[in-house]
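For any residue, its number in our numbering is found by taking its place in the sequence shown, counting from 1, and adding 4. The beta-carbon is built from N, C-alpha and C at its ideal position, and this holds for glycine as well. Since this is a predicted model, take the numbers as computed values, not measurements. First comes the structure, then the notes that go with it.
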Amino acid sequence: KERMIDQSLMAQESNRRKYKIDPEEVNKGMKRWMRENGGKKAIEKAKHPAIKDREDLKREILAQLRYNRLLEEESSCDLPTEGEAREYYDNRPDLFTSEEMVSASHILKKASSDEEFKIAEEQIQAIRERLVGGEDFVKCVKEESDDGGNDGNLGTFGKGRMVPEFEKAAFSLEVDQLSEPVKTQFGWHLIKLHEKHEPKLTPFDDLKEKIIEYLHERKKDKVFDSFLDELKAKATIEEVSGI
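Below, the structure written as structure tokens:
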């Protein structure tokens, strides 16, 4: 309801100001509307109660363009300074820091029952002994793993992507280190870590323009909200049935 009142007040104000709109802009708007709503027969198919013919559509497009002009005019404000952007950046390092991630592969012996888990644990221990003895990890994946797709490579992942037991083990490893056997709901695993990606703060200069743009949009919203509050204060808002 509040939103409908806001839109109604803005429509009235934009009409009152009678912004001069280039006819070519109106034509482009009409063509765009028809293209997005089914082509030449779009008006016939339109469910919009205010659009029955091309003249109705023209009025609607003109009203929308005036509405947009009002929005643009009354939200106009100066760009935030680099200092303001820097302050925002300095106060919110968590927003601009990449998450800790790892790249790893695994060997899995699946299990579901107690007996299967016992057998899988013995199998994974034997595989680990082979790996510690110098056997190739990918070779063991192909010969032994129940999840051998992509040679067991899980790619790069952050926290919260794997089951807790697997995650804890993977993130505790050093590069090229082989884990002890890890038990999860899926069975028993061996994990080999390939890379660690530590959290990294993106430099301010790489983000400056985006932060200024973001702060500018927020500033415009506040400026326009103030204008809308003034508009409401001047208007007499009546309860209308259905609104």
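Query, Result
"Taking just the CA atoms, how far does GLU86 sit from THR160?", "35 Å"
"Quick one: any contact between the region 67 to 84 and the region 216 to 232, if contact means 3 or more CB pairs under 8 Å?", "yes"
"Helix, strand or coil: how does DSSP classify SER149 here?", "coil"
"Can at least three beta-carbon pairs, one atom from the region 178 to 187 and one from the region 124 to 135, be found at a separation below 8 Å?", "yes"
"Say whether the region 109 to 128 touches the region 185 to 199, bearing in mind that this needs 3 or more beta-carbon pairs closer than 8 Å, one atom from each stretch.", "yes"
"With DSSP collapsed to three states, give me the class of ASN157.", "strand"
"Helix, strand or coil for VAL227 per DSSP?", "helix"
"At the level of alpha carbons, what is the spacing between LEU194 and PRO97?", "35 Å"
"Measuring only the C-alpha atoms, how far is SER18 from SER12?", "10 Å"
"Would the beta-carbon of GLU201 fall within 8 Å of that of ALA108?", "Correcting the residue type first, residue 201 is His in the shown sequence and not Glu. No, the pair does not count as a contact, with Cβ atoms beyond the cut-off."
"Take LYS24 as the anchor and find which of LEU235, GLY33, LEU66 has the nearest alpha-carbon.", "LEU66"
"Of all the alpha helix (DSSP H) runs that stay within the bounds of the region 79 to 151, which reach a length of 4 or more residues?", "86 to 95, 118 to 136, 141 to 148"
"Please classify SER116 as buried or exposed, where buried requires at least 16 neighbouring CB atoms within 10 angstroms.", "exposed"
"Can we say the region 55 to 65 touches the region 25 to 40, given the rule of at least three CB pairs closer than 8 Å?", "yes"
"Please classify VAL145 as buried or exposed, where buried requires at least 16 other C-beta atoms within 10 Å of its C-beta.", "buried"
"Please state the DSSP three-state secondary structure of ILE195.", "strand"
"Is the Cβ of GLN11 closer than 8 Å to any Cβ of chain B?", "The chain inventory of the structure shown lacks chain B, comprising one protein chain alone."
"Three-state secondary structure (DSSP) at GLY33?", "helix"
"CB-CB under 6 Å to SER149, same chain, minus the five flanking residues each way: which ones, in chain order?", "ILE111, LEU112, GLY156"
"Under a Cβ-count criterion, where at least 16 other Cβ atoms within 10 Å of its own Cβ denotes burial, should ARG90 be classed as buried or exposed?", "exposed"
"Under 8 Å by Cβ, that's how I've got GLU29 and LEU75 pegged, so tell me the actual separation to the nearest angstrom.", "Going by Cβ atoms, the distance from GLU29 to LEU75 rounds to 15 Å, so no, they are not a contact pair."
"If you measure between the beta carbons of LEU232 and ASP10, is that distance less than 8 Å?", "yes"
"Applying the criterion that 16 or more other CB atoms from any shown protein chain within 10 Å of the CB defines a buried residue, is LEU99 buried or exposed?", "exposed"
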